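A quick write-up on the structure given underneath.
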Amino acid sequence: MWTRFGLFCAAACLVSTAAAAGQSAVKPPANDDCLACHSDPAATRANRTTIVVDPKAFEASKHAAMACVDCHQDLVALEDFPHPDKLAKVNCAACHDSAQEKFTQGVHGQARRNGGTLAATCVDCHGMHDIKATADPTSRTNHQNLPGTCATCHGNQDIIDRGHIQIGNVAAKYHDSIHGRAIEKSGLAVAPSCVDCHGSHDIKRKTDATSQVFRANIPATCGKCHTGIEQRYDAGVHAAAMKKGDSRAPVCADCHSAHAIQRVDTDVWRLSVTRECGTCHVESMRTFHDTFHGQVTALGFVRVAACADCHGAHDIFPQSDARSTVSPARLVQTCGRCHDGASASFVQYDPHADRHDKARNWSLYFAAQFMNWLLLGVFAFFGLHTVLWLQRAIRAQREVPR
Amino acid sequence: MTLYRRFDAFDRGLHVALMVSFLGLAVSGLPLLFSESVWASRAAHALGGFQAAGMIHRISAVILIGVFLAHLGRVGKRLVIDRDFGVLWGPASMTPQPRDLRDLFNHMSWFLGLGPRPRFDRYTYWEKFDYMAVFWGMGIIGGSGLMLWFPTLFARVVPGWVFNVATLIHGEEALLAVGFIFTVHFFNTHMRPGKFPMDAVIFTGRLTEDELREERADEYDRLRAEGRLEQLAVGPAPAWVLPLARIVAVVVLTVGFAVVALIVLTLLNAPS
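Protein chains in written order, with our numbering: chain Y, 1 to 402; chain D, 1 to 272.
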């Protein structure tokens with residue numbers, strides 16, 4: 001190791017002597033001059049971290065045509081080589097000023113301004129000497145590779161903890177989601193990676209009204225791809241409530257989640273989305289659970305009707321709306337999807353009947369009252385009968401030992 | 001010791017079929033009633049899913065309806081062909097009679113130490129209650145169950161809200177039946193001191209002379225007076241009957257008490 005460090009110093013001396021001898025007006029070092037030292041894989045700083053710049057990687061990079069000193073501008077006029085270990089921070093904004101401006105508005109830039117040392121800067125996502133154009137399949141920011149790039153922080157529990165990233169390990173969730181699998185497993189170009197929903201340089205918090213993932217903006221963000229679904233959602237009762245400013249009205253992510261979006265035909269998802277409906281529609285969920293549909297669903301089976309099977313998913317309308325699948329005119333058709341031969345009489349069944357509601361379901365109310373008293377009466381009478389008999393029989397056995 | 005015939009092979013067979021189908025119905029139906037409990041979900045999955053459970057439930061229902069019809073057919077035969085109207089009234093009838101109210105009162109008096117233990121005839125009032133409860137249950141649970149099995153068919157004659165009522169009473173009546181059989185019937189017939197752990201008469205069909213004289217004194221005296229007692233004397237049951245009956249009883253009692261324990265625990269834990 002010390003031999004290598006010695007070699008490095010010797011090379012550095014040679015370069016600097018040549019530079020000093022060759023000119024009076026300072027000529028900036030050419031890339032080859034830099035690489036004389038920086039291409040040696042063994043060369044290190046005083047603290048033994050490598051200083052190597054892979055010439056091939058640089059040649060293949062977007063910046064191959066540029067000079068080292070174009071970025072490392074503090075070396076332009078330096079005469080004394082080897083230069084100090086610590087160089088001025090490269091200012092990408094010298095060229096990429098618009099990206100830089102967006103970055104400062106974004107969540108990463110804000111974190112850096114507030115003294116954060118972990119938030120991503122240009123190089124964390126783009127790399128350094130090997131920066132490639134995003135369109136290049138080997139680029140860190142290429143569509144296929146981006147989830148992995150973001151995951152270096154957002155999938156790293158240590159960074160998540162130290163950076164107080166409240167959303168947690170979203171990379172893991174995304175990895176197993178329908179979008180993550182579409183990209184990472186199926187290599188689909190159309191599936192969204194991180195930036196498609198969050199933006200790139202100007203990523204905003206979801207609490208920021210200008211963020212693409214701000215609550216009210218989510219339908220439009222998802223609608224960039226799911227156009228038809230957005231149209232249907234937009235017509236429905238949930239979008240209407242949301243537009244009125246009702247913060248409880250669900251947007252896409254409330255039912256589908258943000259990062260852990262699943263296929264909608266899995267049992268797990270269908271059961272979970274039904275529970276999700278119940279977080280707002282508490283009463284409807286309670287009465288649903290008193291029916292055969294609700295009981296089978298609660299046992300963990302999806303074969304019978306749950307919320308979306310009758311009410312629809314994205315284009316839910318109030319029952320009074322003729323477009324609603326549960327409007328009186330369409331009930332026979334809706335119930336008939338499962339119940340062959342459903343009739344006008346059949347659909348008088350109340351799938352949300354409430355045994356406690358005399359006004360809504362009087363027959364059920366009185367049947368429940370009757371059954372309650374019957375059970376109470378029978379068990380009270382025979383309970384007493386049994387207890388009395390038991391004590392008497394025990395005493396009788398003691399009196400006449402066999 | 002002399003043994004006397006109490007139940008013939010046909011009735012014993014019906015009771016076994018009744019017992020098996022009742023257990024099948026209870027085990028496959030109760031998970032629905034307690035669907036929000038973890039044990040219910042596990043049970044439903046263990047049975048092979050709700051469709052398999054539904055199949056068990058329907059097969060058991062058909063067996064139970066068969067048992068019911070077979071019994072009705074037998075009663076009908078005794079009325080129409082044998083002209084045996086003692087089925088309808090009198091000491092050998094299952095029909096509740098004024099004597100049963102007296103027996104109940106006297107039995108309760110004995111419980112409280114206020115009188116002697118009453119004498120009983122062939123069928124006691126609690127046995128008649130068990131028996132009549134099956135008729136009530138068959139009407140209520142069987143009727144509502146058939147409606148829920150073929151809802152679109154029944155909707156031709158009844159309005160749809162009837163299925164709401166049918167769902168409710170099917171479940172509540174099932175709770176009543178299961179709760180009653182697995183506690184009161186088990187105690188009255190099998191578990192009470194003097195019988196514990198089981199009364200094998202429903203499996204062997206045979207009573208000892210002591211049992212008949214002590215527990216059904218009026219029947220014993222009546223049969224002797226009519227000179228029919230000796231006609232009822234039988235040899236011992238085949239050797240395999242009693243061990244098998246004991247095994248079956250242990251299994252059924254265990255399942256029954258487990259079910260009751262789960263129901264009670266669930267009801268106690270339920271938010272009011």
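Think of the CB as a built atom: it goes at the ideal place given N, C-alpha and C, for glycine as much as any other residue. For clarity, every value in this text was computed on a predicted model and none was experimentally measured.
Contact of I141(D) with chain Y is not assigned, every C-beta pair being separated by 8 Å or more. Setting aside the 5 residues that flank it on each side, P159(D) has no residue in the same chain whose C-beta is closer than 8 Å to its C-beta.
Considering only beta carbons, the part of the stretch 36-58 of chain D lying closer than 8 Å to chain Y consists of E36, A40, S41, A44, H45, G49, F50 and Q51, in chain order. Near chain Y, meaning a CB-to-CB distance below 8 Å, the residues of the stretch 164-185 of chain D are N164, V165, T167, L168, I169, E172, E173, L175, L176, G179, F180, T183 and V184. Our two residues, C194(Y) and G223(Y), have alpha carbons roughly 15 Å apart in a direct line.
Between the C-alpha atoms of W89(D) and D309(Y) there is a straight-line separation of about 56 Å.
For the set G13(D), H57(D) and R102(D), the Cα lying nearest the Cα of G29(D) is the one of H57(D). Out of T50(Y), C34(Y) and D33(Y), the CA that lies nearest to the CA of P41(Y) is found in T50(Y).
For T208(D), the enclosing beta strand (DSSP E) has its first and last residue at R206 to T208. As DSSP reads the structure, T50(Y) sits in a beta bridge with T44(Y). Secondary structure of V234(D) (DSSP, three-state): strand.
By the C-beta criterion, the stretch 178-193 of chain Y is judged to be in contact with the stretch 142-149 of chain Y, since at least 3 inter-stretch pairs fall below 8 Å. With contacts defined as CB atoms closer than 8 Å, R206(D) and A237(D) qualify as a contacting pair. In this chain, the beta strand (DSSP E) harbouring Y4(D) covers L3 to R5. Around the beta carbon of M1(D), a 10 Å sphere encloses fewer than 16 other beta carbons of the protein chains shown; the residue is thus reported as exposed. The beta carbon of H198(Y) lies closer than 7 Å to those of Q212 and V213 in the same chain, with the five residues before and after it left out. The continuous alpha helix (DSSP H) containing V248(D) extends over residues V241 to N269.
Contact between L299(Y) and S41(D) holds, since their C-beta atoms are separated by about 5 Å, short of 8 Å. Contact check for H339(Y) and T152(D): beta-carbon distance about 6 Å, within the 8 Å limit, so the pair qualifies. Inclusion of F150(D) and F257(D) in the CB contact set at 8 Å is not warranted, their separation being larger than that value.
Counting C-beta pairs with one atom in each stretch, the stretch 63-81 of chain D and the stretch 108-115 of chain D have fewer than three that are closer than 8 Å, which means they do not touch. Considering only beta carbons, the part of the stretch 95-122 of chain D lying closer than 9 Å to chain Y consists of L104, H107, M108, W110, F111, L112, G113 and R117, in chain order.
In this structure, N31(Y) places its C-beta atom within 8 Å of the C-beta atom of A67(Y). Between V90(Y) and H72(Y) a beta carbon distance of about 6 Å is seen, short of the 8 Å cut, so the two are scored as contacting. Neighbourhood of R192(D) in chain Y, by CB distance below 9 Å: T386, W389, L390 and A393, in chain order. In this structure, V332(Y) sits away from S320(Y), with a CB-CB distance that is not shorter than 8 Å. Interface annotation for the stretch 291-305 of chain Y against chain D: T291, F292, G294, Q295, V296, T297, A298, L299, G300, F301, R303 and V304, criterion Cβ-Cβ distance under 9 Å. Remark: three or more beta-carbon pairs, one from each stretch, lie closer than 8 Å, so the stretch 127-139 of chain D and the stretch 93-106 of chain D are flagged as touching.
Of all residues in the stretch 342-357 of chain Y, the ones placed with a Cβ closer than 7 Å to any Cβ belonging to chain D are A342, S343, S345, F346, V347, Q348, Y349, D350, A353 and R355, in chain order. For P159(D), the C-beta contacts it makes with chain Y under 7 Å involve S345 and Q348, in order along the chain. Nearest neighbour of E276(Y) by Cα position, chosen from T266(Y), R398(Y) and P250(Y), turns out to be P250(Y). The C-beta of S193(Y) comes no closer than 8 Å to any C-beta of chain D.
In this model, R112(Y) and A60(Y) are separated by some 30 Å (Cα to Cα).
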